[in-house]
Amino acid sequence: MIRVENVSKSFTSPRGVTPVIAGVSFDLETGKSLALMGRSGSGKTTLLYLVGGLERPDTGSIICLDRPVHTLTGRALSRFLRAHVGFLFQFGNLLSCLTVAENVAFPLRLNNVGPAECARRVGELLERIGLAGAAKALPRELSGGETQRVAFARSIAHRPQILLADEPTASLDSATARNLMDLMFRVGREEGRTTLTATHDPEVTALADRALRLEDGRIVD
Ligand SMILES: Nc1ncnc2c1ncn2[C@@H]1O[C@H](COP(=O)(O)OP(=O)(O)O)[C@@H](O)[C@H]1O
Ligand SMILES: [Mg+2]
678 MIRVENVSKS FTSPRGVTPV IAGVSFDLET GKSLALMGRS GSGKTTLLYL VGGLERPDTG
738 SIICLDRPVH TLTGRALSRF LRAHVGFLFQ FGNLLSCLTV AENVAFPLRL NNVGPAECAR
798 RVGELLERIG LAGAAKALPR ELSGGETQRV AFARSIAHRP QILLADEPTA SLDSATARNL
858 MDLMFRVGRE EGRTTLTATH DPEVTALADR ALRLEDGRIV D
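Reading the sequence shown from the start, the letters are residues 678 to 898 in the numbering used here.
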């Protein structure tokens, strides 16, 4: 369960204070998916970062898996994220000097998964995303869609209970985007993962259990 209650966030710059999230509340039940819609600048990324503890709210509370994420810092926060949260971004952000298999293994290594179990899980994941043959490839040898599939495999390798995805299909053509989102929602349902994805693609929204629209930092429907 993710519970966001009355969360506000402003950024202060030399030009003054910009309110970005203004009193947002919503619940997302365990195992469900939510699409966060809204035009560019509406606050989607900021809200995802707040839920993932990467930003701190000015007011309100964020409870994920019974933990008050808005109060976690330092080691407690990194321990929580490493164990329970996966992040997927618009551009895969794969580590360019590591192979596909090593990229997918990365969160497993962080969680001290041993080499044999690691290899087994990576093999399974690559199979799942249809890239079993690309284990030894480097990120620069992949297409955009393949890159995002690998980034997705990496984001769920440690079987996080929560996946936070920030416009993961924004750089893909629509068929490739659909393929990735089918995979993300299907695997998420199978594994009981709570998935929060920012998007402005109506096709992505249609695949999620629920959708919310942000406008100027507020939920409008
Ligand atoms: N670290 C920051 N410092 C100052 N302003 C920021 C920062 N992050 C985001 N903003 C501002 O917050 C607004 C919402 O941004 P963002 O959450 O990235 O929206 P979206 O993801 O919907 O495009 C934008 O106007 C952006 O310029
Ligand atoms: Mg954004």
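Heads up, the beta-carbon is just placed ideally off N, CA and C, and yes, glycines get one too.
If you compare alpha carbons, which of the options is closest to residue i?
i    : options                   : result
T776 : G810, R752 and A842       : G810
N789 : A814, E818 and R759       : R759
G822 : A834, M714 and L860       : L860
A875 : T722, P734 and H761       : T722
T695 : Q825, G720, F829 and P784 : G720
L849 : Q825, R866, F829 and R831 : Q825
N856 : L840, A753, E880 and S710 : E880
T846 : P837, R866, I806 and H877 : H877
Does at least one heavy atom of ligand 2 sit under 6 Å from the Cβ of residue i?
i    : result
T722 : yes
Under a Cβ-count criterion, where at least 16 other Cβ atoms within 10 Å of its own Cβ denotes burial, should residue i be classed as buried or exposed?
i    : result
N780 : buried
G869 : exposed
D704 : exposed
P691 : exposed
Note down, in chain order, each residue of its chain lying with its Cβ closer than 6 Å to the Cβ of residue i, except the 5 sequence neighbours on either side.
i    : result
V746 : G730 and I739
F766 : D843
When you measure from the CB of residue i to every non-hydrogen atom of ligand 1, does any distance come out below 6 Å?
i    : result
V701 : no
V684 : no
V697 : yes
I'd like the list of long-range same chain contacts for residue i, defined as Cβ closer than 8 Å, with 5 residues on each side in sequence excluded.
i    : result
D743 : M678
L772 : E779, N780, F783 and P816
What are the partner residues of residue i, as DSSP defines its beta bridges?
i    : result
L765 : A842
F862 : Per DSSP, none; premise fails for F862.
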